[in-house]
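S.K.: Numbering-wise (my numbering), the sequence shown opens with residue 51 and increments by one. Even for Gly, the Cβ is constructed at its ideal location relative to N, Cα and C. Take this structure, written in structure tokens, and hold onto it; I'll ask about it next.
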Amino acid sequence: MLDDIALFVTIVKAGSLKAAAKVANLPPATVSRRLKILEQQLSCRLIHRNSHQFTVTNEGAELYQQSVYLVESIGARLASFRSEISGISGNIKVLAPLSLTASTLQPIFTSFLNQNVDIDLQLQLSNELTNFLASGADFAIRVGSQENSELSQVKLGELQTLLVASPCYAAKVSEQLTSPEHLASCKLIVSSPVTHWKLQCTNSGNQVEVVQSSVKITANELGISKSFALDGLGIALLPITEIQEELKNGTLVNVLPTWEGYKREIFAIWYRRQLLTNRASQLIDHIKSKCKELPHLG
51 MLDDIALFVT
61 IVKAGSLKAA
71 AKVANLPPAT
81 VSRRLKILEQ
91 QLSCRLIHRN
101 SHQFTVTNEG
111 AELYQQSVYL
121 VESIGARLAS
131 FRSEISGISG
141 NIKVLAPLSL
151 TASTLQPIFT
161 SFLNQNVDID
171 LQLQLSNELT
181 NFLASGADFA
191 IRVGSQENSE
201 LSQVKLGELQ
211 TLLVASPCYA
221 AKVSEQLTSP
231 EHLASCKLIV
241 SSPVTHWKLQ
251 CTNSGNQVEV
261 VQSSVKITAN
271 ELGISKSFAL
281 DGLGIALLPI
291 TEIQEELKNG
301 TLVNVLPTWE
311 GYKREIFAIW
321 YRRQLLTNRA
331 SQLIDHIKSK
341 CKELPHLG
């Protein structure tokens, strides 16, 4: 009935059924039929009409006065909603890992916001996926494929991980450390989410899983693990995004340089039953494009 009332308002504004049909992009017969159905539902005549006459009845005038503001208001709200959904304005809420955002993603977010000044970003930093749906986020960025059939995911890039230590500690173990097996006798700094160390030889492609028999420190934040490595407390397996500057200035060195950790995939994820807005989709595309431009992520 609400659609028919909206059509009735259009008819009154247009001044004839034929003109209303053009405005509503409907066949004239459909407009006439729906008006007749509305009159039957309301048990009153709303418009006197024939080939020569079009007159709104008293009942029709009263219905029009009571309905026109509501119909126009709903129409305006729907138009605004469609614009918000399809346009590139409004709020985007994103869950993202703390360390990856600080080291790499923050400039990418900045470039997107500079290009889209009507976007507001709500960024929640966490390494946990707990309560993702309850958070109301548009999407989350996570490292590692998510084994959940309810999630949609788009690959953004890959993270290379390297074994690093301070020059002092590296010199201390250089003679005994010639292969991954020797890591068992070294002090290790293990951090979440890279808790299991699987290495691959860059020359031969051989793979090995490190036996972590001498773990000195465990932490749930990569930046803290890097700080412990800088302090000379052991060897850490860290994403290259976390250690680029330290490798350049020599405060960290790559130990076992012919071995590296498995590449870890970065994904944007969201629930399949959740509508991904156009603005959120464009942000995902922007992040993916920028990641391809970075040699350590592409």
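For residue 264, which residues in the same chain have their Cβ closer than 7 Å to its Cβ, ignoring the five residues on either side in sequence?
M.R.: The answer, listed in chain order, is 234, 235, 236, 237 and 238.
S.K.: Please list the terminal residues of the continuous alpha helix (DSSP H) segment that includes residue 160.
M.R.: Looking at the DSSP string, the run of the alpha helix (DSSP H) that includes residue 160 is 156 to 165.
S.K.: Measuring straight from C-alpha to C-alpha, what distance separates residue 76 and residue 184?
M.R.: Each residue's alpha carbon lies about 42 Å from the other.
S.K.: How big is the Cα-Cα spacing for residue 176 and residue 149?
M.R.: Between residue 176 and residue 149, the C-alpha separation is close to 9 Å.
S.K.: For residue 124, count the other beta carbons within 10 Å of its own beta carbon; 16 or more makes it buried, fewer makes it exposed. Which is it?
M.R.: Classification of residue 124: exposed, given that the 10 Å Cβ count is below 16.
S.K.: Between the alpha carbons of residue 115 and residue 90, how many angstroms are there, rounded?
M.R.: Approximately 20 Å, taken between the alpha carbons.
S.K.: Hey, quick one: how far does the beta strand (DSSP E) through residue 341 stretch, first residue to last?
M.R.: Looking at the DSSP string, residue 341 is not in any beta strand (DSSP E); the run it does join, the alpha helix (DSSP H), is 328 to 343.
S.K.: Quick check: the segment 295 to 310 against the segment 155 to 168, are there 3 or more CB pairs under 8 Å?
M.R.: Short answer: they don't touch.
S.K.: Can you give, in chain order, each stretch of the beta strand (DSSP E) that sits fully within the segment 244 to 310 and has at least 3 residues?
M.R.: The segment 244 to 310 contains these whole beta strand (DSSP E) runs: 248 to 251, 257 to 259, 265 to 269 and 285 to 289.
S.K.: Tell me whether residue 189 is buried or exposed, calling it buried when 16 or more other Cβ atoms sit within 10 Å of its Cβ.
M.R.: Buried, by the Cβ-count rule.
S.K.: If you draw a straight line from the C-alpha of residue 213 to the C-alpha of residue 266, how long is it?
M.R.: Roughly 15 Å separates the two Cα atoms.
S.K.: May I ask which residues mark the beginning and end of the alpha helix (DSSP H) holding residue 138?
M.R.: Taken as a continuous stretch (DSSP letters only), residue 138 belongs to no alpha helix (DSSP H), as it is neither H nor E.
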